[in-house]
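Here the protein sequences come in this chain order: V and S.
Here the first sequence stands for residues 3 to 343, numbered as in our numbering.
Here the second sequence stands for residues 783 to 1325, numbered as in our numbering.
Just so it is clear, CB atoms sit at the ideal spot from N, CA and C, and this is done for glycine as well.
Note that this is a predicted model, so its numbers are computed, not measured.
For reference, the structure discussed in these notes is given below.
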Amino acid sequence: MQLPLFPEAASAVAVDVDHLYIYLTLVSVVMSVLIFGTIFVFAIKYRRRGDEIPQQIHGSLRLEIGWSIFPFLVMLTFFWWGAKIFFANAVPPPNAIDVYVVGKQWMWKLQYPGGQREINELHVPIGRPVKITLASEDVIHSFFIPALRIKHDVVPGHYDTMWFNANKPGRYHLFCAEYCGTEHSGMVGWVTIMEPADYQNWLAGGGASGTMAQQGERLFEQLGCSGCHLLDRQGRGPSLRGVYGSHVQLAGGQSVVADDAFIRESILNPNAKVATGYQPNVMPSFQGQISEEGILQLVVYIKSLAITNAPGAPTAALKPGTLLQPVAQTARVTQPDGGKK
Amino acid sequence: MSTVLQEPQTTETVNYLNAEYGWKSWLFTTDHKRIAVLYLISISVMFALGGIFAGLIRTELLTPEGDLFNSDTYNKIFTMHGVTMIFFFLIPSIPATFGNFLVPMMIGAKDLAFPRINLLSWYIYIAGALFALAAIVMGGVDTGWTFYTPFSTTYSNTFVITAAVGVFIAGFSSILTGLNFIVTVHKMRAPGMTWGRLPLFVWANYATALIQVLGTPVVAITLALVALERTFHIGIFDPAIGGDPILFQHMFWFYSHPAVYIMILPGMGVISELVTCFSRKGIFGYSFIAGSSLGIAIIGFLVWGHHMFVTGMSMYAGLYFSFLTMVVAVPSAIKVFNWTATMFRGSISYETPMLYAFGFIGLFTIGGLTGLFLGTLGMDVHLTDTYFVVAHFHYVMVGGMVLAYMGALHFWWPKITGKMYPDGWGKFSALLVFVGFNLTFFPQFILGYLGQPRRYHAYAPEFQVLNVMSTAGATVLGVGFLIPLVYLLWSLKYGKAAGNNPWGAKGLEWTTQSPPTTFNFDVTPIVTEEAYAYGTHEEAHVG
């Protein structure tokens, strides 16, 4: 019978994490052997032989300082190495392929920019960073791929991202790791990691109803967004061309980067952040009228309207203000996007 | 340790157990020892209940398919296992039983500072437990003991509020016990019992009391908010009505991480008593062990975010919480090293309580070290919410806390009941517990690294071998806990009279008769020695 101690490793990061794990385990074994060995030796050597009274020893400041500082230094190596891996993998690289995931009791719904859609299946190529945007339709889930040693909670009301760069084709487990109700343990699926050529073949097979941006554009029409957000001139609402990734001046004097989260919030809670020059209470909330998948399609559509894709592009890049506001904005306090995420 | 005022007594003497008879004499007692016994019985019932749930979980997990229960039932079982074990066994366990019994005796007092409040805290505990039992009987609750939102506030169709009310109520019992201990330790110490002479068990309970008083209100507020949102749809945690689910986790773990120390600190206090007694040595580094309890109590309030590294919390906050998690490990390490050093050149004997102490040190060390894995940012991403976490906290909670509890039970049983239990059976069951525990939970570390998520009703087939090992271990563990139930009850009737001090232990509680009289000491003792003055030969081995 074979009992593996490690799951398969399908990325360089997975191997890094394994190395850290081995290091932590080795240190733990050494510490345990030292402590248990000492106790064992003492227990044998100093076992009670009669009614003797042992010499009393009250302590040693030197020892106390030593066994406080030395283990702490060792722990700092854990801290440092762990933080290094964590930070290296925190921010997705700009050239990553996008995949959009919606967690819903009790399934994973996946969408690709090309318009392909899947349930409980993720297809990705090796050798390219893949950025996963996570949204939840209901409760908290957690997107966990053991072979890649990555996991991220999928929190309703938030977009979260995670990314990886796989290097080993194969079929791997996908689990929901955050308890989410009745069929939590059924909220599982498979990640298929493919050679680039196979991936291209797979991509060619899907997307019958157009790309995600096209699907978003249709929604944009159906929901009546296009009645106010005209593309090339000012309507009742700001034009959305070039908005994605730019700094938007808000009525309160702050500014915000128009990222996925901002667009989502503006759809569901339009009065939360009103662009300067516009009145609140004009746009209705679309809360409850559009699924998280639909919102993601709209986000991708609006993203496709961007002049520049770089998030946090300088304010000078076509901002809504140029179309909308005749008055130059001066001496605005720009607050960095210090939101919840 | 102090002036001994009594001759060893025979079994026919008046003591706190036979001073009065009848159910009223128990239900209206204000004697801290009787209240301790009431607690001992109550929490044993809850422990048995939680144990039955654990057995059901392990039986279901014998096979990968979810075939014994349906998913909803399984989810309710693991939730009720967690709720009963954490809120109704582990949190009250040592403080409410041995703390209640021993803290006044150890400091030379007649009772706690507020005997009526002490009785009240037991009634509050019972009220809370009844709500929890009602939630079970009515149909259960399926949120997990963590009550995560918005699942608990919006999506669960089970008796969330009933269970939450039970936990809410039990919290006040915990607060009152803590308050009582703080005042007692400050105001009721016998002449000569300076802070520097307090037994370390008292220090540990004092530090625990601080957390109980400062932390418990936060979880009470949090659960009240859950009930408000669930009942009146006030948007606090559910984003669909304007709340933030992560806010719940911050509030919940702000209490529930310190609550881990509520559970483990009193256990550490027990180990300091056991290691010194069975090594016949004064404690090594008294002030470091006492100080580390306070250190844990304070720093323990600053690390809650390590439960939330993958929630999307700021990575800089992650850095802070990871660092402080390393810091909070230092005082625990200090304790382990000092216990080890205490044994150096001691006179070590291996009675049942000492075997539990050995077991505690070993298993708690493993639990602590694996906690560092989880506090390490890059490592936690893979391990969190897997069986690695389950294994880790069972090493701390069962391997640490429950073993300390068993050690305490075997150490002070002669004092509480006046009777000795058969030591051979004690050793045998201690061994069973140790072996069964490791067989149950060690495979779960591996399962976790392989990626099996926790709270899974059905799991991938390749995880079966390790799960079978775990279930087999749980069987042994269950037997290991049942045997003491039998011989301890047996000893009540047939056990040898224990005598005042069967272990030759130091400490004021051993200077009185067993079982003690209602007011513990006929004359208030005057303390003239440091704690654990094993260097002087004084009435060792009476029994």
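Rounded straight-line distance, which links the Cα of residue j to that of residue i
i	j	result
Glu-847/S	Arg-119/V	29 Å
Pro-96/V	Leu-124/V	21 Å
Val-1109/S	Gly-68/V	15 Å
Ser-144/V	Phe-1014/S	28 Å
Ile-873/S	Met-1251/S	29 Å
Gly-1149/S	His-1174/S	5 Å
Gln-994/S	Ile-957/S	5 Å
Tyr-280/V	Gly-239/V	7 Å
Asn-987/S	Ile-1080/S	14 Å
Trp-108/V	Glu-185/V	6 Å
Asp-1026/S	Leu-252/V	23 Å
Thr-1300/S	Met-887/S	11 Å
Gly-255/V	Ser-293/V	31 Å
Per DSSP, cross-strand counterpart(s) of residue i
i	result
Gln-994/S	Gln-994/S is not bridged to any residue.
Ser-228/V	BP columns for Ser-228/V are empty, so no partner.
Gly-105/V	Trp-110/V, Ser-138/V
Thr-1168/S	Pro-1235/S
Ala-1006/S	Paired residue(s): none; Ala-1006/S is not in a bridge.
Glu-120/V	Leu-112/V
Gln-251/V	Ser-257/V
Ser-13/V	Ala-168/V
Asp-100/V	Lys-133/V
Val-193/V	Leu-124/V, Tyr-174/V
Ala-1279/S	Lys-1201/S
Arg-49/V	Ile-1130/S
Host alpha helix (DSSP H) of residue i (start-end)
i	result
Tyr-1187/S	1185-1199
Glu-197/V	From DSSP, Glu-197/V is part of no alpha helix (DSSP H); its letter is neither H nor E.
Gly-172/V	That residue, Gly-172/V, is in no alpha helix (DSSP H); its beta strand (DSSP E) goes 172-178.
Pro-886/S	882-888
Gly-279/V	No alpha helix (DSSP H) contains Gly-279/V, which DSSP labels as neither H nor E.
Ile-147/V	It is not in any alpha helix (DSSP H) - Ile-147/V instead sits in the beta strand (DSSP E) that spans 143-147.
Ser-1131/S	Note, Ser-1131/S: premise wrong, no alpha helix (DSSP H); not H, not E.
Leu-78/V	63-90
Chain V within 9 Å of residue i, Cβ atoms only
i	result
Phe-829/S	no
Tyr-1316/S	yes
His-814/S	no
Leu-884/S	no
Asn-1120/S	yes
Tyr-1187/S	no
Asn-857/S	yes
Thr-976/S	no
Met-862/S	no
Ser-1038/S	no
Ala-891/S	no
Pro-897/S	no
Gly-1094/S	yes
Beta-carbon separation (whole angstroms), residue i vs residue j, contact threshold 8 Å
i	j	result
Val-1085/S	Thr-1107/S	5 Å
Thr-966/S	Leu-894/S	5 Å
Pro-1235/S	Ala-179/V	4 Å
Lys-1201/S	Ala-1287/S	Not a contact, Cβ separation roughly 17 Å.
Ile-1065/S	Thr-1124/S	5 Å
Pro-73/V	Val-1112/S	7 Å
Ile-1411/S	Asn-882/S	Here chain S covers residues 783 to 1325 and nothing more, so residue 1411/S does not appear.
Ile-147/V	Val-104/V	Not quite, the Cβ-Cβ distance comes to about 17 Å (not below 8 Å), so this is no contact.
Val-190/V	Phe-177/V	5 Å
Span of the beta strand (DSSP E), counted from its first residue to its last, around residue i
i	result
Thr-1152/S	Unbroken run through Thr-1152/S is the alpha helix (DSSP H), 1134-1157; no beta strand (DSSP E).
Ala-137/V	132-138
Trp-165/V	162-166
Leu-124/V	123-127
Asp-155/V	152-156
Residue i at chain S interface by Cβ criterion, 9 Å
i	result
Glu-197/V	no
Gly-314/V	In this prediction, Gly-314/V scores a pLDDT of 43, lower than 50, which makes its location untrustworthy; the coordinate-derived value is nonetheless stated afterwards. It does not; no Cβ of chain S falls within 9 Å.
Gln-57/V	yes
Asn-283/V	no
Glu-185/V	yes
Gly-159/V	yes
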